[in-house]
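Novice: One structure is given below, represented as structure tokens, and several questions about it will come after.
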Amino acid sequence: MPGNHVFCPVCQRAKELSVDGHEIHLGLELRIACDLSLFSLHYQPQFDLKTGAIIGAEALLRCNHDPLAHVETNRLIQMAEHFGLIQNIGCWAFEESCRQLRVWLNAGYEPICIAVNVSAIQLVSDFLKDNIPPILERYDIPAELIEIEVTETQPIFGDLRCLEALEALRNMGLRLAIDDFGTGYSSLSYLKRLKVHKLKIDRSFIQHLQFSSDDRLIVSSVIGLGRSLGIHVLAEGVETEEQATYLMNNGCGTVQGYLYGKPVAADTFEALHMACSQPSPISIPV
Ligand code: G
Ligand code: MN
269 MPGNHVFCPV
279 CQRAKELSVD
289 GHEIHLGLEL
299 RIACDLSLFS
309 LHYQPQFDLK
319 TGAIIGAEAL
329 LRCNHDPLAH
339 VETNRLIQMA
349 EHFGLIQNIG
359 CWAFEESCRQ
369 LRVWLNAGYE
379 PICIAVNVSA
389 IQLVSDFLKD
399 NIPPILERYD
409 IPAELIEIEV
419 TETQPIFGDL
429 RCLEALEALR
439 NMGLRLAIDD
449 FGTGYSSLSY
459 LKRLKVHKLK
469 IDRSFIQHLQ
479 FSSDDRLIVS
489 SVIGLGRSLG
499 IHVLAEGVET
509 EEQATYLMNN
519 GCGTVQGYLY
529 GKPVAADTFE
539 ALHMACSQPS
549 PISIPV
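269 is the number of the first residue of the sequence shown in our numbering; add one for each residue after it.
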């Protein structure tokens with residue numbers, strides 16, 4: 269008998285990784301966080317580069333359960349997938365985004381689009397897809413105000429089940445955005461077929477814009493590709509005025525990054541970005 273130990277159904281171990289020197293069982297802690305709903309979303313603003321208007325926010329998962337409080341979003345999602353908790357957590361994140369958006373719409377703020385990250389594992393199951401229509405209805409959210417972000421680093425475009433799921437989400441009226449564009453499994457034909465709404469240029473290309481002519485070429489090509497196909501292009505990870513200037517001069521429409529705002533809790537986001545959302549041009553030295 270294993271005594272008081274609890275074994276992870278996936279890895280079969282009682283304890284797993286160590287964080288900050290403490291040996292903890294991440295799966296168990298994540299399960300506790302799930303049972304007690306110890307999650308929140310942080311929101312990172314997205315701006316129209318020309319007008320300076322806020323156009324949206326990316327919702328990023330945070331865990332408020334102490335042992336996992338400092339785990340970053342991507343790692344949390346990986347853990348949720350590994351321990352079989354992604355369907356519940358992913359669905360919670362979608363619903364919480366809709367609930368928060370309804371709060372902001374009711375408060376009279378200009379409508380913005382909320383981007384929710386969705387992984388391949390969520391796409392191949394019907395769980396999220398089946399839950400989306402009733403959630404949109406419950407909070408009276410027009411589908412076009414929710415953007416589904418899928419990363420190009422997962423082989424989503426080569427998996428028929430994922431493609432069909434994305435098509436179904438698109439047919440519900442949701443927007444589709446391709447995250448980390450340029451780093452993974454591109455399939456240009458599906459960008460058009462799925463009527464993808466937005467390409468997010470990966471921050472690795474933005475980071476070195478100043479020093480790498482290759483990256484400048486890649487970024488301007490993606491902006492051109494978006495323009496040719498009628499797909500919005502957003503540059504992510506913009507941290508400096510120089511990067512913003514290059515993007516502006518090369519016709520990039522929208523931006524996200526620490527230069528404009530870090531991911532913050534909903535109340536901070538409201539105070540920083542929604543309450544003063546009178547469009548005014550972002551000043552960039554040329
Ligand atoms: O790949 P995705 O866009 O989902 O990644 C979101 C993550 O990127 C978040 O954890 C967020 O904190 C981080 N991030 C957002 N903007 C910037 C930025 O300007 N610079 C860096 N280094 N990280 C960023
Ligand atoms: Mn993302």
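Don't be surprised by glycine CBs; every beta carbon is placed ideally from N, CA and C.
(1) Alpha carbon to alpha carbon, how far is Asp535 from Cys331?
(2) Please go through the same chain and pick out, in chain order, the residues whose beta-carbon is closer than 6 Å to the beta-carbon of Asn518, but skip the five residues on each side of it.
(3) Does any heavy atom of ligand 1 sit closer than 7 Å to the C-beta of Leu485?
(4) Taking Cβ positions, are Gly324 and Cys381 nearer each other than 8 Å?
(5) Is any heavy atom of ligand 1 found at a distance shorter than 7 Å from the C-beta of Tyr526?
(6) Verify the contact flag: Asn385, CB atom, against every heavy atom of ligand 4, threshold strictly below 7 Å.
(7) Return the first residue and the last residue of the beta strand (DSSP E) that Gln314 is part of.
(8) What's the C-alpha gap between Ala445 and Gln478?
(9) From the DSSP output, in three-state form, read off Phe537 for me.
(10) Ligand 2 and Asp572: does any heavy atom of the ligand fall closer than 7 Å to the residue's C-beta?
(11) Can you give, in chain order, each stretch of the alpha helix (DSSP H) that sits fully within the region 429-492 and has at least 4 residues?
(12) Can you tell me the Cβ-Cβ gap for Ser387 and Leu309, rounded? I've got them flagged as a contact below 8 Å.
(13) Sort Ala337, Glu363, Asp303, Glu349 by Cα distance to Asp408 and report the nearest one.
(14) Assess, as a yes-or-no matter, whether the region 495-508 is touched by the region 457-475 under the definition of 3 or more beta carbon pairs within less than 8 Å.
(15) Under 8 Å: do the region 526-543 and the region 311-330 share three or more Cβ pairs, one atom per stretch?
(16) Among the candidates Met516, Tyr453, Leu294, whose CA atom is the shortest distance from the CA of Met347?
(17) From which residue to which residue does the beta strand (DSSP E) around His350 run?
(18) Which of the three DSSP states, helix, strand or coil, is assigned to Ile389?
Specialist: In short:
(1) 17 Å
(2) Ser488, Ile491
(3) no
(4) yes
(5) yes
(6) Ligand 4 is not part of the structure shown, which contains ligand 1 and ligand 2 as its ligands.
(7) 307-316
(8) 26 Å
(9) helix
(10) The question about residue 572 has no answer here: the residues shown for the chain are numbered 269 through 554.
(11) 456-461, 471-475
(12) Ser387 to Leu309, Cβ: 16 Å. No contact.
(13) Glu363
(14) yes
(15) yes
(16) Leu294
(17) Here His350 belongs to no beta strand (DSSP E); instead the alpha helix (DSSP H) covers 341-350.
(18) helix
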